[in-house]
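A.B. asks: Numbering (my numbering), first residue to last: -17 to 363.
Note that beta-carbon positions come from the ideal geometry of N, C-alpha and C, so glycine has one too.
Quantities reported herein were computed from a predicted structural model and do not represent experimental measurements.
#1: Measure the alpha-carbon distance for residue 60 versus residue 226 and round it to whole angstroms.
#2: Go through its chain and collect everything with a Cβ distance to residue 74's Cβ below 7 Å, but skip five positions before and after it.
#3: Measure the beta-carbon distance from residue 175 to residue 192 and round it to whole angstroms, keeping in mind my assumption that it falls under 8 Å.
#4: Does the Cβ-Cβ distance between residue 332 and residue 26 come in under 8 Å?
#5: DSSP has residue 147 in a bridge; who is on the other side?
#6: Touch check for the segment 226 to 237 and the segment 85 to 105: three-plus C-beta pairs under 8 Å?
#7: Can you list, in chain order, the residues of its chain whose CB lies under 6 Å from that of residue 323, leaving out five sequence neighbours each side?
#8: Rank 279, 357, 140 by C-alpha distance to the C-alpha of residue 186 and give the top, closest one.
#9: Over what stretch of residues does the alpha helix (DSSP H) that includes residue 123 continue unbroken?
#10: Return the bridge partner residues of residue 364 from the DSSP annotation.
#11: Go to residue 173, then tell me how far its beta strand (DSSP E) extends in each direction, as first and last residue.
#12: Using a beta-carbon distance below 8 Å, is residue 44 in contact with chain B?
#13: Would you mind sorting residue 49 into buried or exposed? The rule is 16 or more other CB atoms within 10 Å of its CB.
#14: Give every residue of the same chain whose Cβ lies closer than 6 Å to the Cβ of residue 308, excluding the five residues on either side of it in the sequence, and list them in chain order.
#15: Count the other CB atoms within 10 Å of the CB of residue 325; is the residue buried (16 or more) or exposed (fewer)?
#16: Quick check: what's the CA-CA separation for residue 302 versus residue 341?
#17: Could you work out which residue in 178, 148, 153, 183 is closest to residue 166 when comparing CA atoms only?
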């Protein structure tokens, strides 16, 4: 059993971390205030091979593993969880197209996705179906050469910003077997967007409802088989949950690093506060939580890469454990800063706000518990 990263994996982590420190971290608070991420950033990221992390090399991708991806997103989140997580969503779309699309579909979408000349968003959640995703109501009526879409998607990262939307729609019966996946391009007739959501965190990501009013989508824009869309969406979420967990881990690690520096400089009662045993104990707890979370996350990623029978359960457990631990650590780091932690200039309060949503999206942590317990009961019967 070898827990060490390979030389290549270490280089991947260092590359992503270095890029974030140079091109993301100095601008993170500005982008948060502006409520958007400059589109010029994405081709720079794509030049590193991070626009199509899971996409086969023949279509312009990097063909990296799920474990490799967790390293990328942990490293980027050390500079800004919001920016790194947005890239994760784009890559989730690329992985779905590469895995389930036809040859024609791959040729049509993946080259632009990998160069990030087109940014992709993922549209599953609706105003009335969040955790109960299979109850989605956005309807796609099939005609001779197109689908006509009607409905609304909610909480969409990149709504009104992205160039294409990988969208789960109902083409058949109620329930999961009546769902298909289509790509809706920006500018499509009948496509519109709600106003930007005013969020607690992830504020640099434009988030809005995506609305379809007799929106016309060519039949050739369907991904894979009709009626398989829900299975595709759930398969995409296994990797998405790992990436969201990795982003939470990176944010929390940055919070802890900032706290270590602050505690060495801040003095109280005549000495640096890192010399007080009660606070040292807190640091030890934070470090232990993050190291345990990191090992468990990488084990789950290994299982997904190796297609083990319990991979989905482990992805859910990792998402649950890592995002809870990361938020607790970041929140604790804010406390260690005292009143300064509450000020934006110190960077800690942004991390806390950003990481809170990691416990909600890609399946709430309550749903993660449901996935895990159901699998345990199934395995025992």
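C.D. replies: From the atom records:
#1: If you take the alpha carbons of residue 60 and residue 226, they lie about 13 Å apart.
#2: Around residue 74: 104, 218, 221, 222.
#3: Distance from residue 175 to residue 192 at the Cβ level is roughly 6 Å; contact confirmed, criterion being Cβ atoms closer than 8 Å.
#4: Result no, Cβ atoms of residue 332 and residue 26 do not sit closer than 8 Å.
#5: Answer by DSSP bridge pairing, in chain order: 103, 166.
#6: In short, these stretches do not touch, since the Cβ pair count stays below three.
#7: Within its own chain, the residues whose Cβ lies closer than 6 Å to the Cβ of residue 323, once the five positions on either side in sequence are excluded, are 316, 330, listed in chain order.
#8: Nearest of 279, 357, 140 to residue 186, Cα basis: 140.
#9: Residue 123 -> not in any alpha helix (DSSP H); beta strand (DSSP E) instead, spanning 121 to 124.
#10: The first residue shown for the chain is -17 and the last is 363, placing residue 364 beyond what the model contains.
#11: Residue 173 -> beta strand (DSSP E) spans 173 to 175.
#12: Given the protein chain composition of this structure (a single chain), no chain B is represented.
#13: It is buried - the Cβ of residue 49 has at least 16 other Cβ atoms within 10 Å.
#14: Cβ neighbours of residue 308 within its own chain (closer than 6 Å, five residues either side excluded): 230, 231, 234, 337.
#15: By the neighbour-count rule (16 or more Cβ atoms within 10 Å), residue 325 is not buried but exposed.
#16: Cα to Cα, the separation comes out at about 7 Å.
#17: Looking at the Cα atoms, 148 is the closest of the given residues.
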